[in-house]
Amino acid sequence: MKKGLVLKSTGKWYDVKSEDGQLFHCQIRGKLRLKGLQTTNPVAAGDRVFFETEREDKGNIVQIEERRNYIIRRSVNLSKEAQIVAANIDRAFLVVTTERPQTTPGFIDRYLVTAEAYGIPVTIVFHKMDQYAEDELDSVAECIETYAEIGYDYIQTSIPLLMGLDELKERMKDRVCLFSGHSGTGKSSLINQFIPEKELRTGEISDASQKGQHTTTFAEMHELPFGGYVVDTPGIKGFGIVDIPKDELHHYFIEFFRLLPECRFNNCKHVSEPGCAVIAALERDELALSRYNSYLSMLGDQEERSPYR
Ligand SMILES: Nc1nc2c(ncn2[C@@H]2O[C@H](COP(=O)(O)OP(=O)(O)O)[C@@H](O)[C@H]2O)c(=O)[nH]1
Ligand SMILES: [Mg+2]
Ligand SMILES: [Zn+2]
13 MKKGLVLKST
23 GKWYDVKSED
33 GQLFHCQIRG
43 KLRLKGLQTT
53 NPVAAGDRVF
63 FETEREDKGN
73 IVQIEERRNY
83 IIRRSVNLSK
93 EAQIVAANID
103 RAFLVVTTER
113 PQTTPGFIDR
123 YLVTAEAYGI
133 PVTIVFHKMD
143 QYAEDELDSV
153 AECIETYAEI
163 GYDYIQTSIP
173 LLMGLDELKE
183 RMKDRVCLFS
193 GHSGTGKSSL
203 INQFIPEKEL
213 RTGEISDASQ
223 KGQHTTTFAE
233 MHELPFGGYV
243 VDTPGIKGFG
253 IVDIPKDELH
263 HYFIEFFRLL
273 PECRFNNCKH
283 VSEPGCAVIA
293 ALERDELALS
303 RYNSYLSMLG
313 DQEERSPYR
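Count along the sequence shown starting at 1, add 12, and that's the number in our numbering.
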């Protein structure tokens with residue numbers, strides 16, 4: 013029996029790289045069961061598996077190691093069946109441009125909250141730093157400050173200026189990395205800096221054109237020449253949909269959650285409760301209003317959706 017890492021799934025066949033670096037085409041032998049999760053695909057890119065080899069480069073997966081984390085998408089809205097897109101992600105990179113294309117604080121906050129819920133650390137990559145006019149740089153700096161103050165890791169990058177690329181590489185090295193962000197923010201261009209032979213196509217609308225499609229698209233892991241992998245998740249903008257219960261949402265706005273012990277009520281949701289430390293901190297300008305607005309907006313969404321859950 014060998015142990016390996018699933019690099020790619022096509023639904024029936026899986027590319028598995030063994031610990032000694034050999035590639036095997038594997039199928040699933042028998043029924044694999046993982047507790048708790050109903051999924052349409054039992055194995056995904058990023059899974060660590062045990063497999064038996066038959067012939068030279070063929071094998072049968074017989075066991076999956078427990079996942080540290082995974083990202084899912086629902087095959088159909090509101091359906092119980094989820095598709096595992098990728099598993100065991102070490103770090104997510106959210107590529108942000110505040111203009112051309114615009115990434116809103118609301119989008120960033122939803123992404124960060126989902127990552128917190130999944131337990132995946134995030135680096136925010138403020139990219140295309142060369143493209144901003146003087147006055148635009150002020151609003152980039154303001155956005156950076158909001159997240160830096162909370163304690164999120166961030167870097168500033170630009171390909172023409174060769175800015176921040178070493179810092180990015182340092183964070184990617186020996187890790188399974190996920191790149192996310194709006195279409196056109198420069199994800200493929202950044203990845204191409206590190207794996208040029210892959211020649212991921214840039215400047216395409218492929219992300220956008222796959223929006224809302226329910227067809228199955230599987231993730232693939234690209235090996236980094238300096239160690240580690242990049243997970244390519246076609247058609248997935250963020251992490252997909254996750255249902256975070258309303259009363260848990262504030263756990264994932266980490267700067268609010270830190271203040272909870274100072275709120276008068278230990279079940280404070282920081283909306284209209286008396287003696288709320290979050291609201292007091294907002295009034296003293298110690299927390300970003302944009303974050304609080306995102307929080308209220310996400311709470312509102314949960315309310316609208318609740319009858320269906
Ligand atoms: N000014 C500037 N443009 C960039 C930079 N990186 C990428 N781009 C351009 O941004 C556009 C979108 O890039 P792409 O990698 O396809 O974005 P993706 O949709 O996120 O994969 C392309 O025209 C790139 O040439 C950068 O650092 N500075
Ligand atoms: Mg792209
Ligand atoms: Zn409170």
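C-beta atoms are modelled at their ideal positions from N, C-alpha and C, and glycine is treated no differently.
The structure displayed is predicted, hence computed values, not measured ones.
Tell me whether residue 284 sits in a helix, a strand or coil according to DSSP, three-state version.
As a first step, residue 284 is located in the sequence shown; it is residue number 272 there, counting from the start. Residue state, collapsed to three classes: coil.
Opposing strand residues paired with residue 242 [DSSP bridges]:
Taking the first residue of the sequence shown as 1, we reach residue 242 at position 230. According to DSSP, residue 242 shares a beta bridge with 189 and 234.
Output yes or no for whether 7 Å exceeds the beta carbon distance between residue 235 and residue 244.
Translated into positions along the sequence shown, residue 235 becomes position 223. Translated into positions along the sequence shown, residue 244 becomes position 232. No, the Cβ-Cβ distance between residue 235 and residue 244 is not below 7 Å.
Kindly indicate which three-state DSSP category residue 30 falls into: helix, strand or coil?
Counting from 1 along the sequence shown, the entry for residue 30 is found at position 18. DSSP places residue 30 in strand when its eight states are reduced to three.
Beta-carbon separation of residue 51 and residue 94 under 7 Å?
Indexing the sequence shown from 1 puts residue 51 at position 39. Indexing the sequence shown from 1 puts residue 94 at position 82. Contact: yes.
Could you check whether residue 20 and residue 57 sit closer than 7 Å to each other, using their CB atoms as the reference points?
Counting from 1 along the sequence shown, the entry for residue 57 is found at position 45. Counting from 1 along the sequence shown, the entry for residue 20 is found at position 8. Taking 7 Å as the Cβ cut-off, residue 57 and residue 20 qualify as a contacting pair.
For residue 16, count neighbouring C-beta atoms within 10 Å of its own C-beta (all shown protein chains included) and say buried if the count is 16 or more, exposed if not.
Position 4 of the sequence shown holds residue 16. Buried, by the Cβ-count rule.
For residue 258, is the beta carbon positioned less than 6 Å from some heavy atom of ligand 2?
If you number the sequence shown from 1, residue 258 lands on position 246. No, since every heavy atom of ligand 2 falls outside the 6 Å radius drawn around the Cβ of residue 258.
Local conformation of residue 105 per DSSP, three classes:
Sequence index remark: in the sequence shown, residue 105 carries index 93 (1-based). In the three-state scheme derived from DSSP, where H, G and I count as helix and E and B as strand, residue 105 is classed as strand.
For residue 264 and residue 134, which I take to be in contact (beta-carbon distance under 8 Å), what is that distance rounded to the nearest angstrom?
One-based indexing of the sequence shown puts residue 264 at position 252. One-based indexing of the sequence shown puts residue 134 at position 122. Wrong, their Cβ atoms sit about 12 Å apart, outside the cutoff.
Determine the DSSP secondary structure at residue 168, reduced to helix, strand or coil.
Sequence index remark: in the sequence shown, residue 168 carries index 156 (1-based). Of the three classes helix, strand and coil, the one that applies to residue 168 here is strand, per DSSP.
Among 113, 127, 114 and 270, the one whose alpha carbon lies nearest that of residue 100:
Translated into positions along the sequence shown, residue 100 becomes position 88. Considering only alpha carbons, the answer is 127.
Does the distance between the C-beta of residue 118 and the nearest non-hydrogen atom of ligand 1 fall short of 6 Å?
Residue mapping note: residue 118 aligns to position 106 of the sequence shown, counting from 1. Outside the cutoff, so no.
Taking 6 Å as the cut-off, is the CB of residue 192 close to at least one heavy atom of ligand 2?
By 1-based counting over the sequence shown, the position of residue 192 is 180. With a cutoff of 6 Å, residue 192 does not count as near ligand 2, since its C-beta is closer than that to no heavy atom of the ligand.
Heavy atom of ligand 4 within 6 Å of residue 201 beta-carbon
Ligands in the displayed structure: ligand 1, ligand 2 and ligand 3; ligand 4 is not one of them.
Taking the C-alpha atoms as reference points, what is the distance between residue 207 and residue 74?
Looking up residue 207 in the sequence shown gives position 195. Looking up residue 74 in the sequence shown gives position 62. Between residue 207 and residue 74, the C-alpha separation is close to 32 Å.
Close beta carbons around residue 41, own chain, < 8 Å, minus the five adjacent residues each side
For the purposes of this step, residue 41 is taken as residue 29 along the sequence shown, with counting starting at 1. For residue 41, where only same-chain residues beyond five positions count, the Cβ hits under 8 Å are 64, 72, 73 and 74.
What's the C-alpha gap between residue 179 and residue 309?
Here residue 179 refers to the residue found at position 167 of the sequence shown. Here residue 309 refers to the residue found at position 297 of the sequence shown. Rounded to whole angstroms, residue 179 and residue 309 show a C-alpha spacing of 34 Å.
Residue 21, DSSP secondary structure in three states:
In the sequence shown, residue 21 corresponds to position 9, counting from 1. Note: residue 21 maps to strand in three-state DSSP.
Is DSSP giving residue 224 helix, strand or coil here?
On the sequence shown, residue 224 is found 212 positions in, with the first residue counted as 1. For residue 224, the predicted structure reports a pLDDT of 42, less than 50, and the residue's modelled location is therefore unreliable. A value from the coordinates is still provided. Here DSSP, grouped into helix, strand and coil, assigns residue 224 to coil.
Is the beta carbon of residue 169 closer than 7 Å to that of residue 176?
Here the question's residue 176 lines up with position 164 in the sequence shown. Here the question's residue 169 lines up with position 157 in the sequence shown. The Cβ atoms of residue 176 and residue 169 lie closer than 7 Å to each other.
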